[in-house]
Amino acid sequence: LAGFAILLILTWILMIIASFGFSGTAGIVILIVFMLIFVFYDLVCELTMNGQTFGKRIMKIKVVSIEGTQPTFGQFLIRWIFRIIDFGFPFGWGMVALVSVAVTQNHQRLGDLLAKTTLIKTDPRTKLNNVAFNFSLPEEYQPQFKEVLHLNDRDIELIHEVLTGYYQTGNADLIYAMASKTREHILVTIPTGMNELQFLEIVLRDYNAITSTV
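All you need for our numbering is the position in the sequence shown, starting with 1, plus 851.
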């Protein structure tokens, strides 16, 4: 969106150049500067703003690797290069991206598919006091991971959203990424015989059990 806004500003600048009669050199310099801003805006912002542009920051979304980690320079570069196909005039001003988002499992545009990246919310849609813990714990329940106390409410909200997304779509990519990050954060090892989905479900149960008695 910001890129299109810059394009409109560029058009406005060209109109000013024409109406005020800037010299040929000055007009060309101004044109080149704004074209560079338009072309490289997304790439530079995402590289320097942790996967965000100013528009993405307002919308509270960011670019991450499909594994849930920070994308590499190469991944940012690939998704930027394919913007011309996703959003360019020769390809229908965004029709390629619209179709790709509609038909892919993770709702990715072509550039994201090739770069193995996706967009995620930086602020959970679900707050902890609205989380429905769809399980009842027996009074004698003993938490397996007391280290869950190293987590905070926002961590639990994010885990809940990842689990909800998996239940709705069957997409396990973020389950693996969230389990890995959670395990590293609370410094535990997933026991043999327990998979990543079970681990996250138990983390929710343990957090609920421990915090309800604090």
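The C-beta atom is built at its ideal place from N, Cα and C for all residues, glycine as well.
> Just the Cα atoms here: how many angstroms apart are R934 and L970?
Replying inline: 15 Å
> Between the Cα of M910 and the Cα atoms of K972, V1039, G962, which residue gives the shortest distance?
Replying inline: K972
> Thinking C-beta only, is K913 closer than 8 Å to G925?
Replying inline: no
>> Looking at chain B, is there any beta carbon in it that lies within less than 8 Å of the beta carbon of I1053?
In response: Absent from the structure: chain B. Only one protein chain is present.
>> DSSP has N929 in a bridge; who is on the other side?
In response: First, the residue type needs correcting, since residue 929 is Ile and not Asn in the sequence shown. In the DSSP output, where bridge partners are listed per residue, I929 has none listed.
> For R960, which of S951, G1021, A966, T920 has the nearest alpha-carbon?
Replying inline: S951
> Since L1014 and I1037 are thought to touch, with beta carbons under 8 Å apart, how far apart are those beta carbons, to the nearest angstrom?
Replying inline: With a Cβ gap of about 17 Å, L1014 and I1037 do not count as contacting.
> When the Cα atoms are used, what is the spatial distance from Y892 to G1021?
Replying inline: 35 Å
> Which residue's Cα is closest to the Cα of L1055: L1025, I888, E1035, E998?
Replying inline: E998
> For the candidate residues R1034, D1057, W931, A1028, whose alpha-carbon lies nearest to that of Q921?
Replying inline: A1028
> Thinking just about the alpha-carbon of each residue, which of K967, P989, I1061, D1004 is nearest to the one in R930?
Replying inline: K967
> What's the call for E897, buried or exposed, on a 16-neighbour Cβ count within 10 Å?
Replying inline: buried
> Thinking just about the alpha-carbon of each residue, which of Y1017, A1023, F996 is nearest to the one in Y1058?
Replying inline: F996
> Hey, how far is the Cα of L979 from the Cα of E991?
Replying inline: Low local confidence applies: a pLDDT of 48 at L979 is under 50, so the model's placement there is unreliable, with the coordinate-based value given in what follows. For L979 and E991, the distance between alpha carbons rounds to 24 Å.
>> So for T1020, helix, strand or coil by DSSP?
In response: helix
> Is the distance from the Cβ of A1060 to the Cβ of L1000 below 8 Å?
Replying inline: no
>> With distance defined between alpha-carbon atoms, name the residue in I881, V1039, A1030 nearest to E1047.
In response: A1030
> Distance, Cα to Cα, E1035 vs I881?
Replying inline: 50 Å
> Count the other CB atoms within 10 Å of the CB of E954; is the residue buried (16 or more) or exposed (fewer)?
Replying inline: The sequence shown places Val at residue 954, not Glu. Exposed, since its Cβ has fewer than 16 Cβ neighbours within 10 Å.
>> Alpha carbons only, please: which of R908, L1025, G939, V947 is nearest the one belonging to F889?
In response: G939
>> What does the alpha-carbon distance come out to for the pair G962 and T1062?
In response: 42 Å
> Does the beta-carbon of L826 have 16 or more other beta-carbons within 10 angstroms, so that it is buried, or is it exposed?
Replying inline: Within the shown structure, residues of the chain are numbered from 852 to 1065, placing residue 826 beyond reach of any answer.
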